[in-house]
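Peer 1:
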Ligand code: SAH
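Numbering (the numbering used here), first residue to last: 13 to 499.
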């Protein structure tokens with residue numbers, strides 16, 4: 013089998029290459045460093061063995077020889093091994109040594125290049141490493157050696173003389189001697205210089221100065237230092253995103269959590285997932301199966317959540333059974349879940365709450381008056397809709413399609429909640445379960461809800477609600493957060 017030396021990119025998980033994602037998905041073993049991005053490890057199969065070889069703060073470092081031996085042994089054992097490395101595996105990453113060890117041992121290997129921080133980190137700070145005419149080359153140089161000690165192998169005079177952009181990796185700790193050395197070598201002290209810390213990550217922070225003043229700002233690792241005319245460019249885009257750098261807790265269950273988290277990340281937020289709800293089959297699954305089989309006898313079937321749609325359709329044997337039945341969805345998310353199953357909702361109310369759905373349905377009574385309605389939904393839910401419909405003369409069958417349960421408290425919750433600024437709730441149950449599990453005091457400062465019902469529950473449980481979505485959908489919640497932080 014093959015050992016893959018995979019470049020993980022500079023930090024943002026979506027800067028991994030397609031080939032990298034492909035080989036991770038087939039990995040038996042993933043060997044990774046300390047700064048690796050946790051979400052990339054999630055791309056490996058759940059049963060894959062994860063081996064950290066990074067230097068833990070205060071702990072021992074696995075030596076390069078040990079890493080080489082590990083890769084050779086696992087490759088020989090016939091496993092698919094992914095050696096995940098930050099940035100590009102051949103840029104200051106000792107990938108060359110690992111490949112040489114594999115070649116010498118006769119173990120097949122493949123190099124999967126990655127996006128190097130030398131180029132991508134400046135790009136995320138709005139700094140192009142070359143500019144036509146003014147910066148016609150860029151030199152990537154290690155800052156690992158201390159130029160003041162005169163022991164290094166870097167030719168700083170040559171680097172300074174070249175006249176293009178200088179990119180220094182691993183140089184945060186030795187920023188001052190490096191800058192001093194470049195000035196001694198003839199670079200102008202007022203040459204623009206920038207240090208980009210935690211580039212491409214939600215905590216990216218860019219220090220801008222000159223060659224003579226950058227060290228005074230005390231850059232912290234990991235940082236990419238850029239020196240040259242281009243470092244004055246401020247084409248900032250990443251750090252300008254509306255939710256940039258804000259740590260936001262998502263309490264929805266998978267798979268819905270992913271969509272909310274992705275929407276937040278696209279706006280620059282650091283989304284952390286702490287599910288406060290999980291779905292299980294209802295106590296009485298037979299009723300759901302019967303309802304699905306007999307759906308053709310109803311005039312309307314009303315869905316109040318994407319999960320209700322998913323569970324109902326699992327038991328719908330033949331789509332034609334829905335032929336003469338009208339279908340209502342409480343909101344666009346539920347309508348989208350129907351559309352995924354090639355069913356176009358006949359009715360979506362203008363406001364995405366049960367009251368609005370009730371009102372809209374009340375206008376839908378046929379010539380013979382109100383008919384039969386099937387509502388497959390969560391086992392415990394508000395009775396506004398069925399009671400209202402029944403009062404208006406409809407014959408209503410409420411069938412539990414799933415049960416929402418509180419997941420076991422997450423042992424990592426304290427770490428996930430630390431430094432979080434915002435917590436989002438998309439239903440009353442997520443509020444209740446969160447407060448039951450962690451207490452109201454554990455909630456980050458800004459509580460954001462999808463709508464008035466969830467807000468009421470939150471207030472009831474002692475939370476102060478700062479943001480409530482005007483449109484009661486996930487995009488509406490994201491938009492409300494954006495407004496809250498930018499207005
Ligand atoms: N192979 C990697 C470089 C490894 S050396 C690559 O191609 O990117 C590690 C150095 O890379 C760090 O000291 C820092 O200078 C730079 N670096 C890595 N990740 C970074 C990040 N997210 N932000 C800023 N610099 C980073």
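For every residue, glycine included, the Cβ atom is placed at its ideal position computed from N, Cα and C.
Helix, strand or coil: which one does DSSP assign to residue 121?
Peer 2: Residue numbering aside, residue 121 sits at position 109 when the chain shown is read from its first letter. Correct three-state label for residue 121: strand.
Peer 1: Nearest to residue 111 by alpha carbon, out of 151, 14, 153, 33?
Peer 2: For the purposes of this step, residue 111 is taken as residue 99 along the chain shown, with counting starting at 1. Closest option to residue 111, Cα to Cα, is 14.
Peer 1: Counting only the same chain and skipping the five closest in sequence on each side, list residues whose C-beta sits under 6 Å from that of residue 418.
Peer 2: Translated into positions along the chain shown, residue 418 becomes position 406. These residues qualify, in order along the chain: 445.
Peer 1: Would you grab the beta carbon distance between residue 497 and residue 255 for me? Rounded to a whole angstrom, and I think it's under 8 Å.
Peer 2: As a first step, residue 497 is located in the chain shown; it is residue number 485 there, counting from the start. As a first step, residue 255 is located in the chain shown; it is residue number 243 there, counting from the start. Indeed they touch by this definition, with Cβ atoms about 6 Å apart.
Peer 1: When the Cα atoms are used, what is the spatial distance from residue 361 to residue 386?
Peer 2: Position 349 of the chain shown, counted from the first residue, corresponds to residue 361. Position 374 of the chain shown, counted from the first residue, corresponds to residue 386. The straight-line gap from Cα to Cα measures roughly 17 Å.
Peer 1: Using the C-alpha atoms, what's the distance from residue 264 back to residue 164?
Peer 2: For the purposes of this step, residue 164 is identified with residue 152 of the chain shown, where counting begins at 1. For the purposes of this step, residue 264 is identified with residue 252 of the chain shown, where counting begins at 1. So the alpha carbons of these two residues sit roughly 53 Å apart.
Peer 1: The ligand SAH and residue 456: does the residue's C-beta get closer than 7 Å to at least one heavy atom of that ligand?
Peer 2: On the chain shown, residue 456 is found 444 positions in, with the first residue counted as 1. Because no heavy atom of the ligand SAH lies under 7 Å away, the Cβ of residue 456 does not count as near it: no.
Peer 1: Can we say the stretch 218 to 236 touches the stretch 112 to 119, given the rule of at least three CB pairs closer than 8 Å?
Peer 2: Short answer: they don't touch.
Peer 1: Just checking residue 233 against the ligand SAH - is the residue's beta carbon closer than 7 Å to any of the ligand's heavy atoms?
Peer 2: As a position in the chain shown, residue 233 is number 221, starting the count at 1. Because some heavy atom of the ligand SAH lies under 7 Å away, the Cβ of residue 233 counts as near it: yes.
Peer 1: Below 8 Å between beta carbons: does that hold for residue 53 and residue 43?
Peer 2: Along the chain shown, read from residue 1 onward, the residue named residue 53 stands at position 41. Along the chain shown, read from residue 1 onward, the residue named residue 43 stands at position 31. No, they are not a contact pair.
Peer 1: Determine the burial state of residue 170: buried for a count of at least 16 other Cβ atoms within 10 Å of its Cβ, exposed for fewer.
Peer 2: Counting from one through the chain shown, the residue named residue 170 turns up at place 158. That one is exposed.
Peer 1: By the three-class DSSP mapping on this structure, what secondary structure does residue 77 have?
Peer 2: Translated into the one-based positions of the chain shown, residue 77 becomes position 65. Helix at residue 77.
Peer 1: On the DSSP bridge assignment, give the partners of residue 43 in chain order.
Peer 2: In the chain shown, counting from the first residue as 1, residue 43 sits at position 31. Beta-bridge pairing links residue 43 to 63, 95.
Peer 1: Classify residue 80: buried if its beta carbon has 16 or more other beta carbons within 10 angstroms, exposed otherwise.
Peer 2: Translated into positions along the chain shown, residue 80 becomes position 68. Classification of residue 80: buried, given that the 10 Å Cβ count is 16 or more.
Peer 1: Taking only runs that begin and end inside the stretch 226 to 293, name each unbroken alpha helix (DSSP H) of 4 or more residues, in chain order.
Peer 2: Listed in chain order, they are 268 to 278.
Peer 1: Taking just the CA atoms, how far does residue 158 sit from residue 196?
Peer 2: Numbered from its first residue, the chain shown carries residue 196 at position 184. Numbered from its first residue, the chain shown carries residue 158 at position 146. Those two C-alpha atoms are separated by around 14 Å.
Peer 1: Would you give the residue range spanned by the alpha helix (DSSP H) that residue 447 belongs to?
Peer 2: Mapped onto the chain shown, residue 447 falls at position 435. That run of the alpha helix (DSSP H) goes 440 to 450.
Peer 1: Specify the secondary structure class of residue 383 as computed by DSSP and reduced to three states.
Peer 2: Within the chain shown, the letter at position 371 stands for residue 383. Residue state, collapsed to three classes: coil.
Peer 1: State buried or exposed for residue 173, treating a residue as buried only when at least 16 other CB atoms are found within 10 Å of its CB.
Peer 2: Your numbering for residue 173 matches position 161 in the chain shown. Exposed, by the Cβ-count rule.
Peer 1: Residue ranges of each alpha helix (DSSP H) run of no fewer than 4 residues wholly in the stretch 185 to 226, ordered along the chain?
Peer 2: Counting only runs of 4 or more, we get 187 to 196.
Peer 1: Check this for me: beta carbons of residue 370 and residue 350, under 8 Å apart or not?
Peer 2: As a first step, residue 370 must be located in the chain shown, where it is residue number 358. As a first step, residue 350 must be located in the chain shown, where it is residue number 338. Contact: no.
Peer 1: Restricting to Cα atoms, I'd like to know which of 122, 188, 457 is closest to residue 228.
Peer 2: Translated into positions along the chain shown, residue 228 becomes position 216. Measuring from the Cα of residue 228, the nearest candidate turns out to be 188.
Peer 1: What separation, rounded to the nearest whole angstrom, lies between the Cα atoms of residue 186 and residue 192?
Peer 2: As a position in the chain shown, residue 186 is number 174, starting the count at 1. As a position in the chain shown, residue 192 is number 180, starting the count at 1. If I take the Cα positions, the gap works out to 10 Å.
Peer 1: With 16 other CB atoms within 10 Å as the buried threshold, where does residue 103 fall?
Peer 2: On the chain shown, position 91 is the one that residue 103 refers to. Per the 10 Å Cβ criterion, buried.
Peer 1: In the DSSP assignment, find the unbroken alpha helix (DSSP H) run with residue 319 in it and report its ends.
Peer 2: Translated into the one-based positions of the chain shown, residue 319 becomes position 307. Counting along the chain, the alpha helix (DSSP H) containing residue 319 begins and ends at 318 to 326.
Peer 1: Which whole-angstrom value is the C-beta distance of residue 124 and residue 17, which I expect to be below 8 Å?
Peer 2: By one-based count along the chain shown, residue 124 stands at place 112. By one-based count along the chain shown, residue 17 stands at place 5. So it is a contact: roughly 7 Å between Cβ atoms.
Peer 1: Do the stretch 466 to 484 and the stretch 291 to 299 make contact, defined as three or more Cβ pairs closer than 8 Å?
Peer 2: The stretch 466 to 484, when compared against the stretch 291 to 299, does not touch it at the 8 Å Cβ threshold.
Peer 1: Rounded to whole angstroms, how far is the Cβ of residue 213 from the Cβ of residue 431, which I believe are closer than 8 Å?
Peer 2: In the chain shown, the residue the question calls residue 213 occupies position 201. In the chain shown, the residue the question calls residue 431 occupies position 419. No, residue 213 and residue 431 are not in contact; Cβ-Cβ is about 13 Å, not under 8 Å.
Peer 1: Please identify the residue among 72, 85, 99, 55 whose C-alpha is closest to the C-alpha of residue 22.
Peer 2: Mapped onto the chain shown, residue 22 falls at position 10. Considering only alpha carbons, the answer is 99.
Peer 1: Could you say which of 429, 122, 40 lies nearest to residue 93 if we only look at CA atoms?
Peer 2: Sequence index remark: in the chain shown, residue 93 carries index 81 (1-based). Answer by Cα proximity: 40.
Peer 1: Is the beta carbon of residue 461 sitting closer than 8 Å to the one on residue 480?
Peer 2: Sequence index remark: in the chain shown, residue 461 carries index 449 (1-based). Sequence index remark: in the chain shown, residue 480 carries index 468 (1-based). Result yes, Cβ atoms of residue 461 and residue 480 sit closer than 8 Å.
Peer 1: Ordered along the chain, which non-local residues of its own chain (more than five positions away) have a Cβ less than 7 Å from that of residue 309?
Peer 2: On the chain shown, residue 309 is found 297 positions in, with the first residue counted as 1. Taken in chain order, the residues that qualify are 384.
Peer 1: With burial defined as no fewer than 16 other Cβ atoms inside 10 Å of the residue's Cβ, what is the status of residue 146: buried or exposed?
Peer 2: If you number the chain shown from 1, residue 146 lands on position 134. Flag for residue 146 reads exposed.
Peer 1: Does the Cβ of residue 268 have 16 or more other Cβ atoms within 10 Å, making it buried, or fewer, making it exposed?
Peer 2: Position 256 of the chain shown holds residue 268. It counts as buried.
Peer 1: So, helix, strand or coil for residue 486, using DSSP?
Peer 2: As a first step, residue 486 is located in the chain shown; it is residue number 474 there, counting from the start. Helix at residue 486.
Peer 1: Report yes if the CB atom of residue 286 is closer than 8 Å to the CB atom of residue 327, and no otherwise.
Peer 2: Along the chain shown, read from residue 1 onward, the residue named residue 286 stands at position 274. Along the chain shown, read from residue 1 onward, the residue named residue 327 stands at position 315. Going by C-beta atoms, residue 286 is not nearer than 8 Å to residue 327.
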